[in-house]
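Written below as structure tokens is the structure these notes are about.
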Amino acid sequence: MTMQKTNRFDLNFNQIVKWTIIAGVILGVAMLLLSNDGSRMLLGLVFGLVFSILNFRLLHLTIKKSLEMHPARAQSYVTSRYFLRYFLAGAVLYVAISNEAMHVLGTITGLLMIKFVILASNVISGIKKTQDTK
Numbered sequence: 008m009t010m011q012k013t014n015r016f017d018l019n020f021n022q023i024v025k026w027t028i029i030a031g032v033i034l035g036v037a038m039l040l041l042s043n044d045g046s047r048m049l050l051g052l053v054f055g056l057v058f059s060i061l062n063f064r065l066l067h068l069t070i071k072k073s074l075e076m077h078p079a080r081a082q083s084y085v086t087s088r089y090f091l092r093y094f095l096a097g098a099v100l101y102v103a104i105s106n107e108a109m110h111v112l113g114t115i116t117g118l119l120m121i122k123f124v125i126l127a128s129n130v131i132s133g134i135k136k137t138q139d140t141k
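So the sequence shown is numbered by the working numbering: it starts at 8 and just counts up by one.
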């Protein structure tokens, strides 16, 4: 991978993490103000959000490393990391379910937050591209 592609890859990663944190703070304040169980929801959101960002970082490192490997080795490496990330997500959900101090819906929201940010980012960039071509 060239240096320019690597820098763009890292820039996109950093941008997604930044917007995920911003969206998490906004949603956390809304949960705290609007929910009867705001502190539990907020704790679940923070727990899910921190794990989601760390999981995204693990995916980022896996992709970068696999691009430098032989294809057969890269496939087994990516597959093993895939199962590791799902196992860790299951462990996070188990902790959220078994811990009375945090709300499971807040944790699930935190886990899904980065996916919504990526989706919104792609929709916005698609809209910008169609406006630029007009």
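Beta carbons are placed, not taken as given, at the ideal position from N, Cα and C, and that holds for glycine.
Alpha carbon to alpha carbon, how far is residue i from residue j?
i	j	result
tyrosine 93	lysine 141	42 Å
alanine 37	threonine 86	38 Å
asparagine 19	isoleucine 29	15 Å
leucine 4	glycine 55	With the chain represented from 8 up to 141, any question about residue 4 goes unanswered, as that position is not in the structure.
valine 124	threonine 137	20 Å
leucine 39	leucine 112	14 Å
Excluding five sequence neighbours on each side, which residues of the same chain lie with their C-beta closer than 7 Å to the C-beta of residue i?
i	result
leucine 95	Asn62
serine 73	Ala81, Tyr84 and Val85
Is the beta carbon of residue i sitting closer than 9 Å to the one on residue j?
i	j	result
leucine 65	arginine 88	yes
glycine 51	glycine 117	yes
isoleucine 70	valine 24	no
In the DSSP assignment, find the alpha helix (DSSP H) that holds residue i and state where it starts and stops.
i	result
methionine 120	111-139
Go ahead and label residue i buried or exposed: buried means 16 or more other beta carbons lie within 10 angstroms of its beta carbon, across all protein chains shown.
i	result
alanine 108	exposed
isoleucine 104	exposed
So, at 6 Å on beta carbons, what are the nonlocal neighbours of residue i in its own chain, with the 5 sequence-adjacent residues on each side left out?
i	result
threonine 114	Gly51, Phe54, Gly55 and Ala103
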